[in-house]
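Protein chains: 4
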Amino acid sequence: MNEIAKRPRTKRRTASKQERKAQLIKATIRSIAKHGLSVTTMASVAKEARLSQGIINLHFQSKDRLLEETLRYVVDEYRLAWFKALDNSGESAPEKLAALVRVDFDKQVCQRNKLAVWFAFWGESRSRPTYRQICAERDKEYRQVLSGLCAEIIRQGGYASNPEHVAYGLSAMSEGLWLDLLLNPVDLTPEQALGISMGYLQDIFPQHFGRATK
Amino acid sequence: MNEIAKRPRTKRRTASKQERKAQLIKATIRSIAKHGLSVTTMASVAKEARLSQGIINLHFQSKDRLLEETLRYVVDEYRLAWFKALDNSGESAPEKLAALVRVDFDKQVCQRNKLAVWFAFWGESRSRPTYRQICAERDKEYRQVLSGLCAEIIRQGGYASNPEHVAYGLSAMSEGLWLDLLLNPVDLTPEQALGISMGYLQDIFPQHFGRATK
Amino acid sequence: MNEIAKRPRTKRRTASKQERKAQLIKATIRSIAKHGLSVTTMASVAKEARLSQGIINLHFQSKDRLLEETLRYVVDEYRLAWFKALDNSGESAPEKLAALVRVDFDKQVCQRNKLAVWFAFWGESRSRPTYRQICAERDKEYRQVLSGLCAEIIRQGGYASNPEHVAYGLSAMSEGLWLDLLLNPVDLTPEQALGISMGYLQDIFPQHFGRATK
Amino acid sequence: MNEIAKRPRTKRRTASKQERKAQLIKATIRSIAKHGLSVTTMASVAKEARLSQGIINLHFQSKDRLLEETLRYVVDEYRLAWFKALDNSGESAPEKLAALVRVDFDKQVCQRNKLAVWFAFWGESRSRPTYRQICAERDKEYRQVLSGLCAEIIRQGGYASNPEHVAYGLSAMSEGLWLDLLLNPVDLTPEQALGISMGYLQDIFPQHFGRATK
DNA sequence: AATGAATGAGGGTTCATTCAT
DNA sequence: CATGAATGAACCCTCATTCAT
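Chains as they are written, first to last, in the working numbering: chain A, 82 to 295; chain B, 82 to 295; chain C, 82 to 295; chain D, 82 to 295.
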């Protein structure tokens, strides 16, 4: 055996468990975004993290668990983003709603890496109940807030719309535009996508988000 | 050998070849819908088609080719559906636009098997340029028709909207609602989804799809 | 890729499923005898059988199943051996009993490969209930026959011994001598071991197996 | 540095080192008995000893060494047991022989943990010359004593038996009964096994261990 | 054209061993 | 002395592909 080969190439790094897990999750996201979920292997993630093969099982027990926690990470990050946006926005319902729409096309949320991860997991959600469940939890909370805001605006403005349907429509619009941004990065920019979504808002609630001319 | 007798045999073989490929593609769709793309193996497809292992390589050369042709099949089927819908609809632009929206939530198009396949491929599209390209071709043509119709309606109604943005918005809405139907089959029905999409139309073009009250 | 390397080195052999399984079981026995159970890997068995890695899972689904069937094979072979010995022996109980003892040190049964396999599985039986169960079935039937014969001899000779205890003693003696033959092949030959076992018989049932002098 | 102060510290360290090794060996025995040799890992032993992973390599350099020393420990313990039994028994050869047989089914020696360890190592002895050697040393000494006693009894009683063969037979009987006790703990108790072994003695040397009736 | 036994590269996982702390 | 995070070789297993039949 080659004695030289046995020496570790890099200094043994010692990080806290939390840091290591975060590091590996980020490497997983990069790997999914670069190569796709089906080509993301333990080796590709480990290499992306510049760590050894066995380390993932050490911290996550299995590949499945790593992927689950990665999805959870992305979901939580998104959740945090719109929580923050609500905090930082004005107090009125229209202001809050606009803030939520804006978050969806924010640099942080709407970057290609993240979109790729969302659709990778959605694509597999059919065969993985766990994925569906993680997403469902997120969706429920988000939609509640969304339809709550819509309900208030509808009441104020005397609109005829069903608040829950509007909420579905709004989130569907974002998700659909994300797909276009992912598949079609040349023809559509996040800014344009935001414009389309805001246009939707203006059309549903013209008194609150009214255009200059119509 | 009898030259005359040979022809029909050759013809029959060729015909059967096409049938076999279609049979295998349908089996692939079922397998993806049942188990997911990542669990769909040559064996699972062959079993679904009640045929032997080696037959797929015989007809498609490789798994990659099978999946590509499966995607193409789904794409073509969708294309055919909206072509037909345009043919069967009234002549006016609003009628045609409504027909296109209706197609997206048609029993045939919007069945769970098909949705699962769409998202399975979209989820992998990042790592497979071929998938992206197949989808891109379809999208381009579809969006051209869509924005053409929107442009006409906008001209007629004197709306201020950008026709291409509206077209993006409309197709994004459908795709986003498909995702909700896929992930969340209990809370949302295709009929409701159609209602939401039609509501969008009414909001954008109130003169043409106007609601009773607003 | 190296095109030449892709060509199979040996002619594709096509054997019946039964033959292949038997071939693999025999390879497993050889591997256990040569290297031990803990060093017997899928690769070592496949190499011993001069076949490819994947073939074991093709025929046995898992390594566990292969090992179970290997144990069963050895157990059945032993069972067949003493069945045959009973058939070929004289009709009297002492003759049959002597035949059973003789089988245990027969060339076929008492070869090192087989002994190694027995003890390899016995050594693991603690942690593998399946192994214990397979052995238990064999033991029960064997001991019934053995104690039946002993009971008859005891009745005939008016001995005071407990037939079941004698049966335990006889089989224990064989197993213990097998261990010595396995660990200590230089100091003890199967012939000597047989002599020791037959001596035991003579001592228990002196009227039936009596020595010349005592 | 204070030379005087150093001594005790060194001494204490050495003492504690011995204790640690014993602690680890005992944990190894428990692990083998509980889960089997093949499932006994460095981790399982360390956990059983309630110590950390790396400690085994610290004290034993490698897993192989740990297992070797564990086998040696069991072998030595057995050796000590029959030494003691000889010491405590009467002076006559038959008394000593009976004492040796009794030891084999003593609570201490014939407990399931220990039997499991014996057979675990015997099962692997084929592939590990070291194991065989450790056992062989023990066997040689034991058998010498055993055949010495047998020789004396044979001389005294004018028996025709070969003392070495009787010694082989006796130890084989014990080992075989151990196997039955290990595999078949319900049907056979150590007391019954002792009875069977003592019955053997009575049959070989009827004048010295004679039954009441025969 | 069709079958399915066989191959073997590559996947996830385990675990003895190392080493910074 | 002792720890436990980290390594990486080697394990079992899957599966796309090949090919004799």
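Ideal Cβ positions, reconstructed from N, Cα and C, are used throughout, including at glycine.
Would you check if there are 3 or more beta carbon pairs closer than 8 Å linking the segment 130-147 of chain B to the segment 181-195 of chain B?
no
Per DSSP, what kind of secondary structure is leucine 178 of chain A in: helix, strand or coil?
Here leucine 178 of chain A sits in helix by DSSP.
So which residues of chain C does leucine 147 of chain D contact, with C-beta pairs closer than 8 Å?
Within chain C, no residue comes near leucine 147 of chain D; the closest Cβ sits about 15 Å away, beyond 8 Å.
Which ranges does the alpha helix (DSSP H) cover as unbroken runs of at least 4 residues, wholly within the segment 87-139 of chain B, from first to last along the chain?
123-129
Considering only C-alpha positions, which residue in the set B:Tyr154, B:His289 and B:Val120 is nearest to leucine 105 of chain B?
B:Tyr154
Once the 5 residues before and after aspartate 220 of chain C are set aside, which same chain residues still bring their CB inside 8 Å of it?
Ser252
Given 6 Å as the limit, tell me if isoleucine 285 of chain A has its C-beta closer than that to any heavy atom belonging to the ligand GDP.
Judged by which ligands are present, the structure shown has none, so any question about the ligand GDP falls away.
For arginine 213 of chain D, go through chain C and note every residue whose CB falls closer than 8 Å to its CB, in chain order.
Contact annotation for arginine 213 of chain D against chain C: Leu264 [CB-CB distance below 8 Å, chain order].
Just tell me which of A:Ala248, A:Ala174, A:Thr122 and A:Ala166 has its CA closest to the CA of glutamine 225 of chain A.
A:Ala248
Pick out whichever of B:Ser278, B:Gly204, B:Trp203 and B:Pro175 has its Cα sitting closest to the Cα of glutamine 288 of chain B.
B:Pro175
Cutting at 7 Å between CB atoms, please list the residues of its own chain near threonine 91 of chain C, excluding the five before and the five after it.
Here the model assigns threonine 91 of chain C a pLDDT of 43, short of 50, so the residue's position is not dependable and the matter cannot be decided.
Counting only Cβ pairs nearer than 8 Å, list the residues of chain C close to cysteine 216 of chain D.
Leu264
Quick check on aspartate 185 of chain A: buried or exposed, where buried means 16 or more other Cβ atoms within 10 Å of its Cβ?
Taking a 10 Å sphere around the C-beta of aspartate 185 of chain A, we find 16 or more other C-beta atoms and assign the residue as buried.
For the alpha helix (DSSP H) that contains arginine 219 of chain A, what are its first and last residues?
210-238
Nearest CA to the CA of proline 266 of chain B: which residue from A:Arg213, A:Tyr281 and A:Lys165?
In this structure, A:Arg213 is the residue among A:Arg213, A:Tyr281 and A:Lys165 with its C-alpha nearest to the C-alpha of proline 266 of chain B.
Enumerate in chain order the residues of its own chain whose CB-to-CB distance from leucine 227 of chain C is below 7 Å, with the five nearest sequence positions on each side excluded.
Leu181, Ala248, Leu251 and Ser252
Can you list, in chain order, the residues of its chain with a C-beta nearer than 7 Å to that of isoleucine 113 of chain C? Leave out the 5 residues immediately preceding and following it.
Thr121, Ala197, Val198 and Ala201
Cysteine 216 of chain D: which of D:Leu132, D:Glu245, D:Glu158 and D:Leu263 sits nearest, CA to CA?
Checked all of D:Leu132, D:Glu245, D:Glu158 and D:Leu263; the closest Cα to cysteine 216 of chain D is D:Glu158.
Indicate whether at least one CB of chain D lies closer than 7 Å to the CB of serine 125 of chain C.
No, serine 125 of chain C lies away from the interface with chain D (no Cβ there is under 7 Å from its Cβ).
Name the chain C residues that come within less than 9 Å of serine 255 of chain D, Cβ to Cβ?
Ala253 and Gly257
Buried or exposed: where does alanine 124 of chain B fall if 16 or more other Cβ atoms within 10 Å of its Cβ makes it buried?
exposed
Are the C-beta of histidine 116 of chain A and some C-beta of chain B separated by less than 7 Å?
yes
Looking only at its own chain, which residues have a Cβ that is under 6 Å from the Cβ of aspartate 261 of chain B, when we skip the five neighbours before and after it?
Leu269
Please tell me whether serine 208 of chain C and histidine 116 of chain D are closer than 7 Å, where the distance is taken between their beta carbons.
Result yes, Cβ atoms of serine 208 of chain C and histidine 116 of chain D sit closer than 7 Å.
According to DSSP, is asparagine 194 of chain C helix, strand or coil?
helix
Determine the direct distance from the alpha carbon of lysine 102 of chain D to that of arginine 160 of chain C, and round the result to whole angstroms.
Looking at the two C-alpha atoms, the distance is approximately 45 Å.
Using a Cβ cut-off of 9 Å, pull out every chain C residue sitting near tryptophan 163 of chain D, in sequence order please.
Residues of chain C passing the Cβ test: none, with the nearest at roughly 17 Å.
Compare the Cα-Cα distances from glutamate 150 of chain B to each of B:Thr109, B:Gln237, B:Trp203 and B:Leu282 and report the closest residue.
Answer by Cα proximity: B:Thr109.
Going by C-alpha to C-alpha distance, which of B:Leu263, B:Trp259 and B:Tyr240 sits closest to leucine 282 of chain B?
Its Cα nearest to that of leucine 282 of chain B, the residue B:Tyr240 stands out among B:Leu263, B:Trp259 and B:Tyr240.
Roughly how far, in whole angstroms, is the beta-carbon of leucine 258 of chain A from the beta-carbon of serine 278 of chain A, given that I think they are within contact range, below 8 Å?
7 Å
Is the CB of valine 155 of chain A under 7 Å away from at least one CB in chain B?
no
How about arginine 111 of chain A and glutamate 100 of chain A: are their beta carbons less than 7 Å apart?
no
Using a Cβ-Cβ cut-off of less than 8 Å, give me the residues of the segment 174-208 of chain A that come near chain B, in sequence order.
Ala197, Phe200, Ala201, Phe202, Trp203, Gly204, Glu205, Ser206, Arg207 and Ser208
So arginine 153 of chain C is in the alpha helix (DSSP H); what residue range does that whole segment cover?
144-169 is the extent of the alpha helix (DSSP H) around arginine 153 of chain C.
Using the rule of at least 16 other Cβ atoms within 10 Å of the residue's Cβ for burial, across every protein chain shown, is lysine 98 of chain D buried or exposed?
exposed
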